[in-house]
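Undergrad: Pasting a structure here, questions to come.
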Amino acid sequence: STRGAANFSAFSGAMAAKRVLAQSLAREFGPAGVHVAHVVVDGPIDTPFVRQLVGAETAEGMAAKGALLEPDAIAEMYWMLHRQRRTAWTHELDLRPYCEKF
Numbered sequence: 419s420t421r422g423a424a425n426f427s428a429f430s431g432a433m434a435a436k437r438v439l440a441q442s443l444a445r446e447f448g449p450a451g452v453h454v455a456h457v458v459v460d461g462p463i464d465t466p467f468v469r470q471l472v473g474a475e476t477a478e479g480m481a482a483k484g485a486l487l488e489p490d491a492i493a494e495m496y497w498m499l500h501r502q503r504r505t506a507w508t509h510e511l512d513l514r515p516y517c518e519k520f
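For what it's worth, the working numbering labels the leading residue of the sequence shown as 419, then goes sequentially.
Okay, structure coming up:
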């Protein structure tokens with residue numbers, strides 16, 4: 419996530435540092451043709467771990483309303499980043515379910 423929240427100060431600081439590191443790496447290596455992107459995956463991913471964590475019934479409800487990020491959809495976005503032309507590189511990409519509040 420790129421936003422701060424109450425009771426998440428340590429997490430927010432770490433995420434901000436990661437974002438700035440990606441910016442620095444992009445400026446350092448971009449001129450050499452290296453595409454550096456900061457990808458924010460902001461939400462639960464539909465994996466066996468998450469399904470076990472929240473329980474099968476809750477996971478099914480979340481999936482039915484589109485509240486779980488699908489791994490294949492995430493992979494498509496990474497593939498899109500890989501295939502981008504140098505004339506229009508994405509530096510930051512936020513991935514979240516449409517119903518996520520941000």
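Using N, Cα and C, we set each Cβ at its ideal position, and we do this for glycine too.
Computed from a predicted model, the values in this text were never measured in an experiment.
1. In whole angstroms, give me the CA-to-CA distance for residue 508 and residue 454.
2. Applying the 10 Å Cβ sphere with the 16-neighbour rule, what's the burial state of residue 471?
3. Among the residues of its own chain, which have a CB less than 7 Å from the CB of residue 448, if the five just before and after it don't count?
4. What are the partner residues of residue 513, as DSSP defines its beta bridges?
5. Do residue 486 and residue 459 have their C-beta atoms within less than 8 Å of each other?
6. Is residue 457 near residue 513, with beta carbons less than 8 Å apart?
TA: Quick answer:
1. 9 Å
2. exposed
3. 454
4. 459
5. no
6. yes
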